[in-house]
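Numbering (the UniProt record's numbering), first residue to last: 1 to 483. Okay, so here's the structure we're looking at.
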Amino acid sequence: MARQGYVIVDYSDDFSDTVDDDSDAEDARRRCHLTLAPRRDGSGVGASSSHRLLFFDLPSSLNTPAACLQPRSEREVRQGSIPKKDPESSMDIDDAPAQPRNKLPDHLELQRTRVVCKADAPTHTEGFQYSGAFAAMGVDNSVSVEKFCTDFKIKINRLTEDDMEFDMIGVDASIANAFRRILIAEVPTMAIEKVLMVDNTSVIADEVLSHRLGLIPLDADPRLFDYISNDTPSERNTIVYKLHVSCAKGSQRLTVKSGQLEWLPEGSQLTIASPAQPGEKPKTYTSFGQSQKKMSERPLGVKYEDITIARLGPGQAIELEAHAVKGVGKVHAKWSPVATAWYRMLPEVVLLKEFTDGDAEQLVKKCPVNVFDIEELGNGKKRAVVAKPRACTLCRECIKVAADKVKVTKAKVDDKDKADGKVDEGKAEVDDVEVEPQIELRRVRDHFIFTIESTGALPPEVLFKEAVKILEEKCERVISELS
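This is the structure in structure tokens:
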């Protein structure tokens, strides 16, 4: 049973008053301005000096936000009579349909879980990060460890020696992007950092040659080595390579390949100074306590032996010693362990209307990556189905096919109307046809197709495990700083 009453409406956090009698309402009306907002607890609204009075038919039990109530005109109240509601123009709050609790409406659930790609631009690109975004509907949007452990999944689709593709399910884009950035810039590798040039008579300048050597992937596990400190090269932080090639006079041009780099497990062979006493070892550019053959089961050479370093003409030569150390990609790209690491949201293709016969064939033919296929229905009938949604690249050709179909139909109608004299020549504009969507392209917001292409220093699955460890260390560091 509804009763006559007054409610002060407030956008601020000062929810104070609900006015139920004429004397209080008259006083409140003098000091308030008009705004409208539901009370946070769903039971009414409050008042402050910067707000104005609204007049409602209040139900006997307020259990719905005040924004749903039917307002009354302040002018009508001043005249001394509040008219009864017109049943055709307004609806009593008790007659309003109830919204199910703990469940979002379909359109909000779509915005929360999908990115919809329209013909011109994607929509709903920003996620709902606030935990109380849907609190009014009884839906908890907070992130919990229990929910993460239940929803998070890794599904490997392809794994080779150099690349890997897997599905990362149940995480936000920020987590997927964190893995991508860590793989590119923070997983360490070994790369040539210092080059001691003994002789270089080739056409390549010393600094250019040194840079080319630094970009050669090394077949060395960085987990076996430490970061170099205090400029003291040892067997624990430095790998030494030697390159000594020459092109004899009168011979053909010689191509120098990366496979000609020779690993020196005993350390540097270039002497800094002669021994002070007979029998002493000469001082070199490294200080190895033992051979590196004891550290690794395989030779610490280069990953690919066919990389061109330089070309020598007759009489030209290169002699150098290269020192490789441990580093990360954010210092220099030569330490990046991946050729690329990238992800994309899982595509979702939805046919809002059925495409049959000729329309189905046109749709299948138009898609450049064969997302659609033909399904035989019998009796010579067929329809289009979504066969490979993961292959969708969002080229939107399928949306254009659906739009062209509607425009052609409209054009035929316009031609007939013009022939009958019903439409002027200038009014049959096909381009202005309002096209109803027939295909919807979506992206699943928490499902990522992740690809890792390794340079060869470490297998891609090992790189991802190392990225997980680094992210874990970052989280522990933040917790320790805050605690």
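Virtual Cβ for every residue (Gly too), placed ideally from N, Cα, C.
| Asked | Found |
| --- | --- |
| Taking the beta strand (DSSP E) that T271 falls in, what are its first and last residues? | 271–273 |
| Please state whether DSSP places T232 in a helix, a strand or coil. | coil |
| Around the C-beta of K400, are 16 or more other C-beta atoms found within 10 angstroms, so that it is buried, or is it exposed? | exposed |
| Going by the beta-carbon positions, is the gap between E165 and T451 smaller than 7 angstroms? | yes |
| Does the beta-carbon of R223 have 16 or more other beta-carbons within 10 angstroms, so that it is buried, or is it exposed? | exposed |
| Along the chain, where does the beta strand (DSSP E) that runs through G378 open and close? | 372–378 |
| Return yes when the Cβ of F448 is within less than 7 angstroms of the Cβ of Y343, no when it is not. | yes |
| Note the first and the last residue of the continuous alpha helix (DSSP H) segment covering T125. | Counting along the chain, T125 falls outside any alpha helix (DSSP H), and DSSP gives it neither H nor E. |
| At the level of alpha carbons, what is the spacing between L270 and L243? | 12 angstroms |
| On the CB-based measure, 16 or more other CB atoms within 10 Å of its CB, does A176 come out buried or exposed? | buried |
| Out of curiosity, what's the CA-to-CA distance linking Y227 and K257? | 28 angstroms |
| Excluding the 5 residues flanking A317 on each side, which residues of the same chain have their C-beta closer than 6 angstroms to its C-beta? | D199, T201, S246 |
| Using the beta-carbon count (16 or more within 10 Å), is S336 buried or exposed? | buried |
| Nearest to P188 by alpha carbon, out of E461, A457, Q129? | A457 |
| Buried or exposed: where does L53 fall if 16 or more other Cβ atoms within 10 Å of its Cβ makes it buried? | No answer about L53 holds up, because its pLDDT of 39 lies below 50 and its placement is not dependable. |
| In whole angstroms, give me the CA-to-CA distance for I216 and A322. | 12 angstroms |
| Whole alpha helix (DSSP H) runs in the stretch 180–232 with 4 or more residues, listed along the chain? | 206–214 |
| State the Cα-Cα distance for the pair A220 and V331, rounded to the nearest angstrom. | 19 angstroms |
| Cα-Cα, which of G380, F152, K303, C392 is closest to V364? | C392 |
| Three-state secondary structure (DSSP) at P347? | strand |
| Please report the straight-line C-alpha distance between F464 and I470, rounded to a whole angstrom. | 10 angstroms |
| Check whether the Cβ atoms of P347 and P389 lie closer than 7 angstroms to each other. | yes |
| With a threshold of 8 angstroms on Cβ separation, who are the neighbours of R396 within its own chain once the five nearest residues in sequence on each side are excluded? | C117, A119, L441 |
| Locate the alpha helix (DSSP H) running through E461, then write down its first and last residues. | 460–482 |
| Just verifying my parser: in three-state terms, what is the DSSP assignment at R390? | helix |
| For the stretch 372–390 against the stretch 347–359, do three or more pairs of beta-carbon atoms, one drawn from each stretch, fall closer than 8 angstroms, so that the two count as touching? | yes |
| Hey, V240 and L209: beta-carbon distance below 7 angstroms or not? | no |
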